[in-house]
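Quick notes on the structure that follows.
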Amino acid sequence: MSLEQCQRLLLTSARSTKTRMTRLRNNMKGHIQHALWLHFTMWYGIVASWDMGTKHATPAPAM
């Protein structure tokens, strides 16, 4: 295996690793947004049901 082939192999593997990392980062961003959305809707639901139970006129949390 020549030096040139070795360099080319390294370059392509580095590039694929970079795209994989970018994809992973995008996936994480989506997961975090989804988790936050779930957290907020759950919290909103708890506050709303607690509101109904106690019959207090507390303002709904600003979204």
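In short: position in the sequence shown from 1, add 1, done, that's our numbering. Ideal Cβ placement from N, Cα and C applies to all residues, glycine included.
Assigned secondary structure, residue i (DSSP; H/G/I helix, E/B strand, else coil)
{"i": "Met43", "result": "helix"}
{"i": "Met22", "result": "helix"}
{"i": "Ser3", "result": "coil"}
CB contact check: residue i to chain B, cutoff 8 Å
{"i": "Ile47", "result": "Although the question refers to chain B, the structure presented lacks it and comprises just one protein chain."}
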